[in-house]
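Trainee:
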Amino acid sequence: MAAAQYLGVNHTTVSRRIHDLEKALGGPLLVRAKNGWELSALGERTLSLAEQAEEVLHGLGSLRLDDAAPLLRGLVRIAAPDVFSVHVITPAMAALHKDHPELDIELITATQRARQGRSGMDIEVVVGKPQVLNSVTRPVMDYHLRLYASRDYVAEHGEPRSMKELEGHPINFYVESGLQVDDLDSGRQSLPEQKEGPKGIASTSVFGHVSATIHGAGIGLLPDYLAGQHDFVPILPEDYRHPVSYWVVVRKENTRNPRVRACLRAIEQRVAHMGAGTAHPHHP
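According to the working numbering, the residues represented by the sequence shown are 662 to 945, in order.
(1) Give a yes or no on whether 8 Å exceeds the smallest Cβ distance from L686 to chain C.
(2) With H, G and I counted as helix, E and B as strand and the rest as coil, what does DSSP make of E929?
(3) Using CA coordinates, which residue listed in T674, L794, T772 is at the minimum distance from K913?
(4) Evaluate the contact criterion for the region 883 to 894 versus the region 799 to 816: three or more CB pairs, one atom per stretch, below 8 Å.
(5) Taking C-alpha atoms, which residue in P898, L808, E899, Q890 lies nearest to G603?
(6) Look at the Cβ atom of G781, then the Cβ atom of R738, and state whether they are nearer than 8 Å.
(7) For I750, count neighbouring C-beta atoms within 10 Å of its own C-beta (all shown protein chains included) and say buried if the count is 16 or more, exposed if not.
(8) What do you reckon, are the CB atoms on A771 and A740 nearer than 8 Å?
(9) Among V905, K684, T673, G936, which one has its Cα closest to the Cα of P800?
(10) Is the CB-CB distance between L700 and L733 below 8 Å?
(11) Confirm, please, whether the CB-CB distance from G848 to L827 is below 8 Å.
(12) Less than 7 Å between C-beta atoms, sequence neighbours within five positions excluded: which residues of the same chain meet that for L690?
(13) If you drop the 5 nearest sequence neighbours on each side, which residues of the same chain put their C-beta closer than 6 Å to that of M754?
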């Protein structure tokens with residue numbers, strides 16, 4: 662259904678075309694999985710060849726008579742955590758789009774592990790080193806989770822001076838039952854257990870953690886490169902710093918795609934411009 666909507670045709674047309682292609686290739690292109698349909702092994706090989714053919718056609722169509730570098734055209738789909746998407750990817754893609762106005766970007770925000778079945782995604786940015794097959798992975802930015810509070814919160818509740826004192830303060834962080842990333846979960850687990858009393862506000866979004874901290878709901882466990890944009894009081898800055906890294910995941914066949922490579926370069930340039938964490942400027 663989603664493919665039909667994207668192509669602007671009805672569902673039966675898509676089904677018929679897939680059936681005709683499967684008949685010509687002699688096997689199924691899609692297999693049913695827990696969360697819907699995924700590409701079969703034959704489908705993955707077919708997609709790789711189709712992407713190569715599409716790239717050649719786009720290259721021919723975008724050549725200029727003056728032999729200048731060709732314009733990038735076509736779609737790139739990127740999945741990344743929300744805060745990285747807003748502060749890194751969106752500005753990077755906006756800058757790239759000025760030079761390549763026919764480049765289409767679809768950005769899906771999610772804080773999750775890299776998926777083994779990555780059909781439909783050209784680039785994924787995940788938290789922590791991913792363990793995936795048939796892909797190129799590398800770190801793109803390092804940062805730390807640290808503790809922060811609003812000045813009003815400190816004025817009202819005091820500033821904890823030790824890990825023991827931290828036990829009496831609510832922590833704003835992810836919804837525990839929905840947290841799928843070990844590097845983030847271990848950041849919370851390394852803090853002392855909270856005593857009985859008011860709980861912090863849990864959210865599936867980092868921006869929820871920031872907002873809860875701004876409004877005095879507790880102490881926020883936040884990325885340092887984001888918290889630095891607010892007038893927060895660092896809490897236990899010498900005692901608690903939890904290192905985390907963003908990693909990029911790209912299917913091996915996509916490492917030759919000029920659109921994907923251009924997007925990766927733009928992301929790295931944005932990280933370097935921000936001066937946040939550590940950029941890792943080498944391409945897959």
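C-beta: ideal position from N, C-alpha, C; glycine also.
Owing to the predicted nature of the structure, the values given are computational and were not obtained by experimental measurement.
Mentor: A quick look at the data gives this:
(1) Of the chains in the structure shown, none is chain C; there is only one protein chain.
(2) Position 268 of the sequence shown, counted from the start, is the residue given in the question as residue 929. E929 falls in the helix class under three-state DSSP.
(3) Locating residue 913 in the sequence shown gives position 252, counting from the first residue. Nearest neighbour of K913 by Cα position, chosen from T674, L794, T772, turns out to be L794.
(4) Flag = yes, the region 883 to 894 and the region 799 to 816 touch.
(5) With the chain covering 662 to 945 only, the question about residue 603 has no answer from this structure.
(6) In the sequence shown, counting from the first residue as 1, residue 781 sits at position 120. In the sequence shown, counting from the first residue as 1, residue 738 sits at position 77. Yes, Cβ-Cβ distance for G781 and R738 is below 8 Å.
(7) The sequence position of residue 750 within the sequence shown is 89, counting from 1. I750 should be labelled buried.
(8) Counting from one through the sequence shown, the residue named residue 771 turns up at place 110. Counting from one through the sequence shown, the residue named residue 740 turns up at place 79. In this structure, A740 lies closer than 8 Å to A771 by Cβ.
(9) Taking the first residue of the sequence shown as 1, we reach residue 800 at position 139. Minimum Cα distance to P800 is reached at V905.
(10) To locate residue 700, count along the sequence shown from 1; it is residue 39. To locate residue 733, count along the sequence shown from 1; it is residue 72. Against a cut-off of 8 Å, the Cβ pair of L733 and L700 comes out as no contact.
(11) On the sequence shown, residue 827 is found 166 positions in, with the first residue counted as 1. On the sequence shown, residue 848 is found 187 positions in, with the first residue counted as 1. Not a contact, by the Cβ cut-off of 8 Å.
(12) Taking the first residue of the sequence shown as 1, we reach residue 690 at position 29. Hits under 7 Å: I679, L682, E683, L700, S701, L703, G704, T707.
(13) Within the sequence shown, the letter at position 93 stands for residue 754. Once the five neighbours on either side are set aside, the close Cβ partners of M754 are I766.
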